[in-house]
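Data first, discussion second: the structure below is written as structure tokens.
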Amino acid sequence: MESESALYEADLAQTLANRERLSANPNLMHWYGELYQEMFRQEPDIATNTVLEIGSGTSPLKGFLPNVITSDVLKLDYLDFVFDCHEIASLPDIADHSVDVITMTNVLHHLKDPLAFLRGATRKLTKGGRVYVTEPYLSWLSYPMYKLLHHEPVDFSIRRPVLDTVQGPLSTSNQAMPHMIFFQRPDWLAELADCYSLEKTRISYFTSLSYMVTGGISRKFPVPGWAYKPYFKLDRAIGTALPKVFASFFTARLTSKEEV
């Protein structure tokens, strides 16, 4: 088994390589730009709000939202903060109840204990502050692709939403975990009822195959932008209209309780 330090260094190198490939892929950057517009559609003051991103290692959000505070568990010199997000409640660098929005994209399924993080996050959120979580949605179309073609596991057999063994920030994951929390195990989400107004939770769906068509962060497919952008519009419409059949991603918005 690889040592913890070796796994950390491998994840660090992988993150830097992924970030470089992403920034060099205009179709993928378009996909992310559209995702962020959709995510923050109900946040008219997002450009002036205090926004904290969890898992900013590869993320291009800073290029679209310059005021975002970036963070990751990996020590990268372009980040504002480096910390384990499970310890967010005790983080002294960010004042309690000072953050309007916390956002994370394809990060929750890498966390050892997602519910513990979400609970701790409310310590930093303002009254009624929001958490935006974008994760894989396992539809009839996307499930076999995530299960058979993606290197990260999809395990529905878990009894609790935790990763039993963590061998590195990126090396361990379960893509099924967020899907189960928000769609299959309401009892898990209900554990957060004391710190979030769960009746205000909102779910939206985003795209079908247009992420995969870009090549994702691991490769770049030679699809010209003039062809990709109109295809993206159609793909997005299909994923939104029939999410259980076609959608590949979802965004959940959680709202912290007004009393803190």
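At position 73 of the sequence shown (counting the first as 1) the number is 371 in my numbering, and the numbers step up by one without a gap. In this text, a Cβ means the ideal position worked out from N, Cα and C, and glycines have one as well. From a predicted model like this one, the values you see are computed outputs, not experimental measurements.
Exposed is the label assigned to R339, since fewer than 16 other Cβ atoms lie within 10 Å of its Cβ. About 5 Å separates the Cβ atoms of V431 and L406, confirming a contact at the 8 Å cut-off. Here G426 has T553, S554 and E556 as same chain residues with Cβ atoms under 7 Å from its own Cβ, once five neighbours each way along the sequence are excluded. For the 8 Å CB-CB criterion, D309 and S437 do not form a contact. Out of D382, G353 and L416, the CA that lies nearest to the CA of M402 is found in G353.
Exclusion of the five residues before and after P459 leaves P412, L413, M475, M478, I479 and W486 as the residues of its chain whose Cβ lies within less than 7 Å of its Cβ. Rounded to the nearest whole angstrom, the CA to CA distance from A488 to Y494 is 9 Å.
In the three-state DSSP reduction, Y503 falls in the strand class (E or B). Exposed is the label assigned to Y376, since fewer than 16 other Cβ atoms lie within 10 Å of its Cβ. Of the residues assessed, P528 falls on the exposed side of the cut-off, its CB having fewer than 16 other CB atoms within 10 angstroms. By the criterion of a C-beta distance shorter than 8 Å, G514 is surrounded in its chain by L326, once the five residues flanking it on both sides are discounted.
One thing to note: S506 has its Cβ within 8 Å of the Cβ of F544. Ranked by Cα distance from T499, the options P451, S516, T538 and R551 are led by R551. Remark: C-beta atoms of R421 and A387 approach each other more closely than 8 Å. For A550, the three-state secondary structure derived from DSSP is strand.
Two segments are said to touch when three or more pairs of C-beta atoms, one from each, lie closer than 8 Å; by this definition the region 300-319 touches the region 353-373.
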